[in-house]
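These protein sequence lines map, in sequence, to chains A and B.
Numbers 389 to 673, taken from the numbering used here, label the letters of the first sequence in order.
Numbers 3 to 281, taken from the numbering used here, label the letters of the second sequence in order.
We treat Cβ as the ideally placed atom computed from N, Cα and C, and that holds for glycine.
Some notes on the structure that comes next.
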Amino acid sequence: MTQQTENVPVRTAARGSDPPTEKPPRENSRWASRASAAVYPAVFLALLLATWFVVTGAGMVQPYIIPSPADTWSAFVDHPEYLWSHTLVTTGETVAGFVIAAVVGVLVAVLMVYSPALEKTFYPLILFAQVIPKIAIAPLFVVWLGFGASPKILVAVLMAFFPVVISGISGLRSVDPELLELTSTMGASRIRTFWKVRFPAALPELLSGLKVAATLAVTGAVVGEFVGANSGLGYVILQANGNVDTAMLFAALIIMSALGVLLFAVIQVAENLLIPWHASRRNRG
Amino acid sequence: MTAFARRSRPAPTRAATPALGAGEPMVGIHGVDVTFRSKGRTVEALSGIDLSVAPGEFLSIAGPSGCGKSTLLRVIAGLTGVSAGEVTLRGTEVRGPRRDVGFVFQRAALLDWRNARDNILFQAEMRGLPRAWSRDRAAELIEMTGLSGFETAMPFELSGGMQQRVSLCRALLHEPDILLMDEPFGALDALTRENMNVELRRIWEATEMTVVLVTHSVAEAVYLASRAVVMGPRPGRVIEEFAVDIPGHRAYEPTLESAEFQRVSAGIRELLGAGAAGD
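So this is what it looks like as structure tokens:
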């Protein structure tokens with residue numbers, strides 16, 4: 389018979405384990421607190437609307453300076469197809485610009501983090517492209533690319549690109565150096581280390597950058613439309629301005645803001661799905 | 003038979019490396035110097051280190067801050083290169099980061115987006131170990147380190163002590179012959195630290211593993227080790243070695259009250275100077 393000492397690890401009862409932290413409450417009351425958080429901006433918005441009603445209703449300002457809420461509403465109701473078609477144009481340009489900026493921006497950030505030579509070469513150029521006032525170079529794009537969607541998309545890309553690159557670089561650099569040393573003792577390839585460690589670690593900062601980029605993409609598309617377009621919300625604003633149709637101008641402005649907020653919200657949802665573990669997500673409510 | 007060796011199949015990593023010859027040290031350090039250059043100054047982090055670690059030995063390295071003890075540990079793992087001398091690990095020269103070690107840092111260094119179990123399995127994924135084998139092994143380690151019930155907890159839901167247990171499981175997953183620990187319990191409170199010491203000792207007693215532990219704490223160094231090395235700063239060098247002759251199982255309080263523990267602790271404290279030990 390061989391010796392069979394069953395060496396089951398003995399759980400030392402007295403000093404077995406340190407007290408574990410309590411798991412925080414997960415779902416309960418989260419929706420309730422979210423609803424209550426929505427009350428504040430809702431009340432503020434209502435007050436703003438009320439002021440708008442009072443100021444315009446009392447005849448304190450001329451309608452061509454600030455249209456009444458009713459006039460603005462009828463701009464929406466009277467020209468739904470007109471506004472809808474131009475909104476679609478701007479939305480298309482914005483989304484195209486944002487997606488291109490996000491993809492190219494992340495790629496550039498990755499290349500720069502892995503190659504100091506590339507970073508030294510391109511960083512000044514990217515900074516230069518960022519500090520040029522976009523409104524000033526937009527006419528040049530019209531000369532180069534004509535009156536189609538491409539110059540607008542290009543302006544949107546230029547606007548949105550910078551925050552993506554900056555947040556991508558800083559996110560990829562934020563990874564714990566000890567974690568990288570640990571992976572080097574695991575014999576893992578650089579590609580595997582990138583996907584399993586570096587990229588997930590960069591996501592919180594990258595998503596912050598994408599949120600900024602989304603709002604800037606809207607601005608970029610409209611700036612592109614200002615300098616030469618026959619469609620899009622920028623074009624609607626210029627037309628309304630020429631016709632002193634302030635109600636239509638207001639309607640276009642409201643749609644534009646809604647577009648920016650919508651894109652922002654989409655990325656917010658992506659954040660909730662992708663990085664529920666991050667401090668910025670879990671400490672809410 | 004030990005708790006570690008109960009499985010039917012051998013560890014997938016172990017077969018890939020040659021077995022250690024009889025009498026060969028697990029770690030051999032011969033005349034090692036490490037010099038760092040920063041801002042035109044050269045810093046001698048390690049100077050003339052000669053040290054060997056026998057298979058199955060528990061070696062503690064104690065010393066004040068800046069004595070190069072962490073650097074020495076990194077040299078063994080191949081995370082820091084040597085300026086002179088030679089380092090061998092399991093019979094082969096260390097030339098770069100070594101795969102055949104388990105490494106534990108002072109901070110748990112967990113992946114924030116993975117739960118406890120998946121953090122432990124990270125080791126297996128990066129090494130491409132068989133999935134079923136790894137899951138069994140992780141379950142075994144989770145039970146052994148008292149993490150049961152916390153498998154799906156995220157790192158932010160765990161206390162510092164629990165996080166460090168996860169880190170320890172991750173370092174042990176691939177069944178390394180040698181575990182390298184760099185002040186693993188330095189960030190924990192005193193009581194948690196004692197608990198972790200007791201558990202680490204129990205795990206070591208149950209295996210044939212070699213452990214090299216770097217620590218600030220004299221009590222930790224002596225309680226855990228079969229041999230304790232004291233290092234001194236500027237340049238980092240080995241000042242003295244103590245064999246800790248307390249055979250068999252070491253219950254915590256009796257060990258701390260034993261004459262041998264007192265003798266070695268006093269010897270180390272004297273070398274480090276009053277208050278320099280940091281505990």
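Check, Outcome
"Hey, B/Asn-197 and B/Glu-222: beta-carbon distance below 8 Å or not?", "no"
"Say whether chain A places a C-beta atom closer than 8 Å to the C-beta of B/Trp-115.", "yes"
"Measure from the C-beta of A/Thr-409 to each C-beta in chain B and report whether the shortest distance is under 8 Å.", "Interpretation of A/Thr-409 is limited by its pLDDT of 49, a score under 50 that renders its predicted location unreliable; the figure taken from the coordinates is listed afterwards. Judged by the 8 Å Cβ criterion, A/Thr-409 is in contact with chain B."
"Going along the stretch 542–574 of chain A in order, which residues come within less than 7 Å of chain B, judged by CB to CB distance?", "Asp-564, Glu-566, Leu-567, Glu-569, Leu-570, Thr-571, Ser-572, Thr-573, Met-574"
"Enumerated in chain order, which unbroken segments of the alpha helix (DSSP H) with a length of 4 residues or greater are wholly contained in the stretch 552–608 of chain A?", "565–572, 578–581"
"Suppose the cutoff is 7 Å on Cβ atoms and the five residues either side in sequence are ignored; what does the same chain contact list for B/Val-55 look like?", "Pro-27, Met-28, Val-29, Leu-61, Thr-212, Val-214"
"Between A/Val-494 and chain B, is any beta-carbon pair separated by less than 8 Å?", "no"
"Between the alpha carbons of A/Leu-662 and B/Phe-124, how many angstroms are there, rounded?", "19 Å"
"State the start and end residues of the unbroken alpha helix (DSSP H) segment that holds B/Met-128.", "118–129"
"May I ask you to report which of helix, strand or coil DSSP gives B/Leu-149?", "coil"
"With 16 other CB atoms within 10 Å as the buried threshold, where does A/Val-477 fall?", "buried"
"Using a Cβ-Cβ cut-off of 8 Å, state whether A/Val-443 counts as contacting chain B.", "no"
"Using the Cα positions of B/Phe-263 and A/Gly-597, report the straight-line distance between them to the nearest angstrom.", "56 Å"
"Suppose contacts are defined by Cβ-Cβ distances below 8 Å. Is A/Ala-609 in contact with A/Ile-655 by that definition?", "no"
"So is B/Val-103 in contact with chain A if we call contact Cβ pairs under 8 Å?", "yes"
"Please decide whether B/Phe-60 counts as near chain A, where near means a Cβ-Cβ distance under 8 Å.", "no"
"In the DSSP assignment, what residue or residues form a beta bridge with B/Gly-234?", "B/Arg-239"
"Can you find a CB in chain B that lies within less than 8 Å of the CB of A/Val-585?", "yes"
"If you draw a straight line from the alpha carbon of B/Gly-148 to that of B/Cys-171, how long is it in whole angstroms?", "10 Å"
"Name the chain B residues whose beta carbon is nearer than 7 Å to that of A/Arg-580?", "Met-128"
"Starting from B/Arg-195, trace the alpha helix (DSSP H) both ways and give me its first and last residue.", "192–207"
"Thinking C-beta only, is A/Val-501 closer than 8 Å to A/Ile-557?", "yes"
"Residues in the same chain with beta-carbon distance under 8 Å from A/Ile-453, minus the five sequence neighbours each way, listed in chain order, please.", "Thr-634"
"With distances taken from CA atoms, which of B/Ser-136, B/Arg-167, B/Arg-129 is nearest A/Met-574?", "B/Arg-129"
"Does B/Arg-119 come within less than 8 Å of chain A when only Cβ atoms are used?", "no"
"Looking at chain D, is there any beta carbon in it that lies within less than 8 Å of the beta carbon of B/Phe-158?", "Here chain D cannot be found, since the structure's protein chains are A and B."
"To the nearest angstrom, report how far apart A/Val-364 and A/Val-543 are at their CA atoms.", "The question about residue 364 of chain A has no answer here: the residues shown for chain A are numbered 389 through 673."
"What residue does the beta strand (DSSP E) around B/Asp-35 start on, and which one ends it?", "29–40"
"Scan the stretch 81–109 of chain B for residues whose Cβ lies nearer than 7 Å to a Cβ of chain A and list them as they occur along the chain.", "Leu-81, Pro-99, Arg-100, Arg-101, Val-103, Phe-105, Phe-107, Arg-109"
"Would A/Pro-504 pass as an interface residue toward chain B - the criterion being a Cβ-Cβ separation below 8 Å?", "no"
"Return helix, strand or coil for B/Ile-63, following the three-state DSSP convention.", "strand"
"In the DSSP assignment, what are the bridge partners of B/Ser-54?", "B/Gly-30"
"To which residues of the same chain is B/Ala-18 closer than 8 Å at the C-beta, ignoring the five residues directly before and after it?", "Note that B/Ala-18 has pLDDT 43, beneath the 50 cutoff, so the model's placement of it is unreliable and no number is given."
"Can you tell me which of the three DSSP states B/Arg-92 falls into?", "coil"
"Count the other C-beta atoms from every protein chain shown that fall within 10 angstroms of the C-beta of B/Asp-102, then say buried if there are 16 or more, exposed otherwise.", "buried"
"Classify A/Glu-410 as helix, strand or coil using the three-state DSSP reduction.", "Its pLDDT being 48, under 50, A/Glu-410 is placed unreliably in this model, and the coordinates cannot settle the point."
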